[in-house]
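A.B. asks: Going by this note's numbering, the residue at position 272 of the sequence shown is 272; the numbering climbs one at a time, nothing skipped. Here it is, the structure in full.
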Amino acid sequence: MTIIKNGKVFKIQSTKSLQDSPHRPKMQKLDLQKFEGRVLIANGSGSSPDHIPGAKELTEEYRQCLADQKDNKSLHQMPGIFDFMCEVLTLDYDNFVPKLWQLKLASEDPQANEFKKVLQYALTDFHLTTHSPDLPNNHERTAFVELVIPAIKSLAKITNLTSMNWCEHDLNANKMIIDALGKSPGTTGMEHLIIESSSGGLEESVPHTLDDSIKLIECSTMALSQEASARKDCSWNLFKNVKVLCIQVICSQITLSVTQFLDRSKWKHLQLRSAQLPSKWQHKILIVKFAELLATLYLTLNDMNEHSMKLDGNQAGVIKASGQTVREVLG
């Protein structure tokens, strides 16, 4: 509703005007339309139109991801982890670190206990960050180094599910410079985690966000193409489930997405989780959704590693390829 009064324009919002985080991955409508012939997208910026084959199903996947995020599904998937996070929230500031490391899980599940250690290292650094919670400047690397790198580094070092290269690293798939790049421990060394910091912690650079949102799709599809070249004799039905994970950091918002083959001629790019990054002790409740994003990243990397080992067996001829091969479908 628009009301013009005394030369002034007043706009009254509709009650149904919910928006995603303002600091979400962004794509202009014209660019989204250009992608329609090659990439289907479903994220906080928008979704490919339903009339395109596969788009409706991808939008439903995105809605399910939003529901899973609301329910902290990944945290609940590992026995005892959600209760661990709830207990973390009760710890006071002064004794936080020693008490954090004294906490035990009510489960002996190896995966849950491994991820607990990831959280303990990440939360220890969070406690250190809150000693001086105000970010000193708006340089994009400041918030990235303070708030993001410690958690991803903890996950990489504890689990060995990815090998991280930090700050301005060349992507082998297309020679672009990447803010942070994770490589698979598997035989192909696939570039399977691509991270871009698009803005500082204080103010968003929208043109940078727009560029990086497209850049992540370009780089992730190139990484998938390169992996296909290394897996030509694998079963297409097995290979098409290979994933590249993308993380985009915009101010205090971090978003995790995944890129995959949709079919032999199209890609799909889906937002999995998004969370606000806490930088102050009084905002520590935000660590729950950030932990949910980390848990999703951890579980997905685990699945990707297991899938990579199946592809190794398939490529070596130990596991016979069923149906068409990658070479036959994409060659």
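Glycine is no exception: its CB is placed at the ideal position from the N, C-alpha and C atoms.
1. What did DSSP end up calling M164 once you bin it into helix, strand or coil?
2. Alpha carbon to alpha carbon, what distance is there between K104 and L294?
3. What separation, rounded to the nearest whole angstrom, lies between the Cα atoms of D212 and I194?
4. Count Cβ pairs between the stretch 265-272 and the stretch 30-46 that sit closer than 8 Å; are there 3 or more?
5. Which same chain residues end up closer than 8 Å to Y339 when comparing Cβ atoms and leaving out the 5 residues on each side of it in sequence?
6. Work out the CA separation of L100 and R38 for me, nearest whole Å.
7. Check the DSSP bridge columns for E196 and list the partner residues they point to.
8. What three-state label does DSSP hand T130 in the structure shown?
9. Given a threshold of 16 other Cβ atoms within 10 Å of its Cβ, counted over all protein chains shown, does I152 qualify as buried or as exposed?
10. Would you call the stretch 160-169 and the stretch 297-311 touching, i.e. three or more CB-CB distances under 8 Å?
11. On the three-pair Cβ rule with 8 Å, is the stretch 224-232 touching the stretch 315-328?
12. By a C-beta neighbour count over all protein chains shown, 10 Å radius and 16 as the cutoff for buried, is G182 buried or exposed?
13. Beta-carbon within less than 6 Å of I12's beta-carbon, same chain only, minus the 5 sequence neighbours each way: which residues are those?
14. Look at the alpha carbon of I178 and the alpha carbon of H76, and state the distance between them as a whole number of angstroms.
15. Go ahead and label E168 buried or exposed: buried means 16 or more other beta carbons lie within 10 angstroms of its beta carbon, across all protein chains shown.
16. Within the continuous alpha helix (DSSP H) that includes F144, where are the two ends?
17. Determine whether the beta carbon atoms of V88 and I254 lie at a separation below 9 Å.
18. Give me the DSSP bridge partner(s) of G182.
19. Can you give me the Cβ contacts of A258 inside the same chain, cut-off strictly under 8 Å, excluding the 5 residues immediately before and after it?
20. Out of curiosity, what's the CA-to-CA distance linking N340 and S14?
21. Can you tell me the Cα-Cα spacing of F144 and S197, whole angstroms?
22. What residue does the beta strand (DSSP E) around R273 start on, and which one ends it?
23. Determine, using beta carbons only, whether E191 and A180 come nearer to each other than 9 Å.
C.D. replies: So, to answer that:
1. Your numbering for residue 164 matches position 164 in the sequence shown. M164 falls in the strand class under three-state DSSP.
2. Position 294 of the sequence shown, counted from the start, is the residue given in the question as residue 294. Position 104 of the sequence shown, counted from the start, is the residue given in the question as residue 104. Whole-angstrom Cα-Cα distance: 19 Å.
3. In the sequence shown, residue 212 corresponds to position 212, counting from 1. In the sequence shown, residue 194 corresponds to position 194, counting from 1. About 11 Å.
4. Taking a cut-off of 8 Å for Cβ pairs, the stretch 265-272 and the stretch 30-46 touch, as three or more such pairs fall below it.
5. It is not possible to answer for residue 339, since the shown part of the chain is limited to 1 through 331.
6. By 1-based counting over the sequence shown, the position of residue 38 is 38. By 1-based counting over the sequence shown, the position of residue 100 is 100. It is roughly 47 Å from the alpha-carbon of R38 to the alpha-carbon of L100.
7. By 1-based counting over the sequence shown, the position of residue 196 is 196. According to DSSP, which records beta bridges pairwise, E196 is partnered with Q248.
8. The residue given as residue 130 occupies position 130 in the sequence shown. The answer is coil: DSSP assigns T130 none of H, G, I, E or B.
9. As a first step, residue 152 must be located in the sequence shown, where it is residue number 152. Counting Cβ neighbours within 10 Å, I152 comes out buried, since at least 16 surround it.
10. Cβ pair count under 8 Å is three or more, so yes.
11. Yes, the stretch 224-232 touches the stretch 315-328.
12. Within the sequence shown, residue 182 is the residue found at index 182, counting from 1. Counting the other Cβ atoms within 10 Å of the Cβ of G182 gives 16 or more, which makes it buried.
13. Taking the first residue of the sequence shown as position 1, residue 12 is located at position 12. Once the five neighbours on either side are set aside, the close Cβ partners of I12 are M1.
14. Within the sequence shown, numbered from 1, the residue matching residue 178 stands at position 178. Within the sequence shown, numbered from 1, the residue matching residue 76 stands at position 76. Approximately 32 Å, taken between the alpha carbons.
15. Counting from 1 along the sequence shown, the entry for residue 168 is found at position 168. Result: exposed.
16. Position 144 of the sequence shown, counted from the first residue, corresponds to residue 144. Here F144 belongs to no alpha helix (DSSP H), and DSSP marks it neither H nor E.
17. Within the sequence shown, the letter at position 88 stands for residue 88. Within the sequence shown, the letter at position 254 stands for residue 254. Result no, Cβ atoms of V88 and I254 do not sit closer than 9 Å.
18. The residue labelled residue 182 in the question sits at position 182 within the sequence shown. DSSP output for G182 lists M164 and L193 as bridge partner(s).
19. By one-based count along the sequence shown, residue 258 stands at place 258. Here residue 258 is Val; the residue named in the question, Ala, does not match the sequence. Within the same chain, V258 has close Cβ partners K243, V244, L245, C246, H269, L270, L272 and T300.
20. Outside the shown range of the chain (1 to 331) lies residue 340, about which nothing can therefore be said.
21. Position 144 of the sequence shown, counted from the first residue, corresponds to residue 144. Position 197 of the sequence shown, counted from the first residue, corresponds to residue 197. C-alpha separation (whole angstroms): 6 Å.
22. What you label residue 273 is simply residue 273 of the sequence shown in a count that begins at 1. Element bounds for R273: W267 to Q276.
23. One-based indexing of the sequence shown puts residue 191 at position 191. One-based indexing of the sequence shown puts residue 180 at position 180. Not a contact, by the Cβ cut-off of 9 Å.
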